[in-house]
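Peer 1: I have a structure I would like to understand better, so I am pasting it below and will then ask my questions one at a time.
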Amino acid sequence: MDTVSDSMLARGLVFIGGFTVLYYMLKWSWICWCGFRVYVLSKVWQTDLKAFGQWAVVTGATSGIGKAYANELARRGLDIVLVSRSKEKLHIVAKEIENQHGRQTQIIQTDFTEGHDIYPAIAEALRDLDIGILVNNVGMNYSDKLVHFLDIPNPEQRTTQVINCNILSVTQMTRLVLPRMVARGNGLIINMSSEAGAQPQPMLSLYSATKIFVTYFSRSLNSEYRSQGITVQCVAPFMVSTNMTHNLPPNPLLKSASAFAREALNTVGHSSYTSGCVSHALQVGTPLLHSNIQNKLLYNIFVTLAKNEPCRMNSIYYYTILCDCKYLGLSLPSHSTLLCLFSSLIGCAFHPTV
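Rendered as structure tokens:
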């Protein structure tokens, strides 16, 4: 009798083990296929962005990712509406696009931190244009440094400015262009989120909260309007070499703005939620951890960074991946890039961005 019971138990364990192995094999195969399709095949089978319409509107278009998107969209044959705060910089970027790509440009000078009052003027400026693409890129943080929420400088003003710039701009610009896209049955809206919104970020609390809003808003909107021919893509990058990251030199994990924009636009039509490029899709290690351990780890790292210059708030992911993980009892030296990249590859299985 005992022999029969042991045999049945052994067969049961074999079945469970085999099923588990098969599950993870299928899961890894699916993740690899999605990554290959989004980041490799997309370079060959690119979506014709001109099919969405003649004009693309880009907010925060005078530097960084916004400027790179504007140039790349112009290179792919679209006319560009540049929306930003500095009139002088707007003219410079507009002239650059016209000279390099031979496309038409229009500029709209506005300050997205000022709230609702700016949008009637923007609506009037866009009224007669065939807008096929909107890139909601503009964004800001409340400080150049990592700070606790109660230590935000000029808190009443700065918190309102961050919400106006990071949240209100996305909803209002979408409200302005979406009706005509729906009426036409075609359109593309790209909302720039951040991996800062993928998990709670101590000492970046308001910034990361605004970015998870952008993510959820984008994905919900895509579900609502996909059947009407509208594509809403959420792009959630890690670090890109821009003014916000103090123009850190590009490396395999840290893309230049132009390289990032080129790869990210390739993913249009292949993924509605993306990190933008394959190197950023691989930089996901901390989601492996239990949430309490993860939050404690990030808090300790951020406190350390806040006390040690030249760390800056947008350099955080570079240090998160390559930092000393002593808070988990691991003696991982900060220069062990390959080991960190390996852990990120493992994390990708639990937090795919495709």
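The sequence shown begins at 1 in the UniProt record's numbering and counts up one residue at a time. Ideal Cβ placement from N, Cα and C applies to all residues, glycine included. Quick caveat, the model's predicted, so the values are computed rather than measured.
Just reading off the alpha helix (DSSP H) that Gly-64 is part of, what are its end residues?
Peer 2: First-last of the alpha helix (DSSP H) with Gly-64: 64-75.
Peer 1: Hey, could you find the ends of the beta strand (DSSP E) Asn-136 is sitting in?
Peer 2: 131-136 is the span of the beta strand (DSSP E), which, as asked, contains Asn-136.
Peer 1: Which residues in the same chain have their Cβ closer than 8 angstroms to the Cβ of Leu-73, if we skip the five residues on either side of it in sequence?
Peer 2: Excluding sequence neighbours, Leu-73 sits near Leu-49, Ala-56, Val-58, Ile-80, Ile-133, Val-135 and Leu-265.
Peer 1: Rounded to the nearest angstrom, what separates Ala-196 and Leu-9 at their Cα positions?
Peer 2: Near 46 angstroms, if we compare the C-alpha coordinates of Leu-9 and Ala-196.
Peer 1: For the segment 91-104 against the segment 145-160, are there 3 or more C-beta pairs whose distance is under 8 angstroms?
Peer 2: With the cut-off at 8 angstroms, the segment 91-104 and the segment 145-160 do not touch.
Peer 1: Let me make sure I understand the geometry here. Which of Arg-262, Arg-127 and Ser-272 has the alpha-carbon closest to that of Arg-76?
Peer 2: Among Arg-262, Arg-127 and Ser-272, the Cα nearest to that of Arg-76 belongs to Arg-262.
Peer 1: Out of Leu-168, Lys-87, Arg-175 and Thr-20, which one is the CA nearest neighbour of Leu-126?
Peer 2: Measuring from the Cα of Leu-126, the nearest candidate turns out to be Arg-175.
Peer 1: For Asn-191 and Gly-115, which I take to be in contact (beta-carbon distance under 8 angstroms), what is that distance rounded to the nearest angstrom?
Peer 2: The pair is not a contact, with the Cβ atoms about 19 angstroms apart (cut-off 8 angstroms).
Peer 1: Nearer than 6 angstroms: is that true of the beta carbon of His-270 relative to any heavy atom of the ligand FMN?
Peer 2: Among the ligands in the structure shown, none appear at all, so the ligand FMN cannot be discussed.
Peer 1: Rounded to the nearest angstrom, what separates Glu-224 and Gly-12 at their Cα positions?
Peer 2: The alpha-carbon atoms of Glu-224 and Gly-12 are separated by roughly 45 angstroms.
Peer 1: Can you give me the start and stop residues for the beta strand (DSSP E) that Leu-265 sits inside?
Peer 2: No beta strand (DSSP E) holds Leu-265; the alpha helix (DSSP H) holding it covers 257-266.
Peer 1: What are the boundary residues of the alpha helix (DSSP H) that includes Ser-220?
Peer 2: Run containing Ser-220: 205-225, per the alpha helix (DSSP H) assignment.
Peer 1: Compute the distance between the beta-carbons of Gln-161 and Thr-113, then report whether it is under 7 angstroms.
Peer 2: Cβ distance < 7 angstroms, so Gln-161 and Thr-113 count as in contact.
Peer 1: How would you write the range of the beta strand (DSSP E) that Leu-178 sits in, first residue to last?
Peer 2: Leu-178 -> not in any beta strand (DSSP E); alpha helix (DSSP H) instead, spanning 169-184.
Peer 1: Can you give me the start and stop residues for the alpha helix (DSSP H) that Thr-159 sits inside?
Peer 2: Here the alpha helix (DSSP H) through Thr-159 covers 155-163.
Peer 1: Please state whether DSSP places Gly-12 in a helix, a strand or coil.
Peer 2: The answer is helix: DSSP assigns Gly-12 an H, G or I state.
Peer 1: Give me the Cα-Cα distance between Cys-340 and Asn-99, rounded to the nearest whole angstrom.
Peer 2: Annotation note: pLDDT 44 at Cys-340 (below 50); position unreliable, coordinate value reported separately. Straight-line Cα distance between these residues: approximately 42 angstroms.
Peer 1: Given a threshold of 16 other Cβ atoms within 10 Å of its Cβ, counted over all protein chains shown, does Lys-43 qualify as buried or as exposed?
Peer 2: With fewer than 16 Cβ atoms within 10 Å of its Cβ, Lys-43 is classed as exposed.
Peer 1: Under the rule that 16 or more other beta-carbon atoms within 10 Å means buried, what is Thr-231, buried or exposed?
Peer 2: With 16 or more other Cβ atoms within 10 Å, it is buried.
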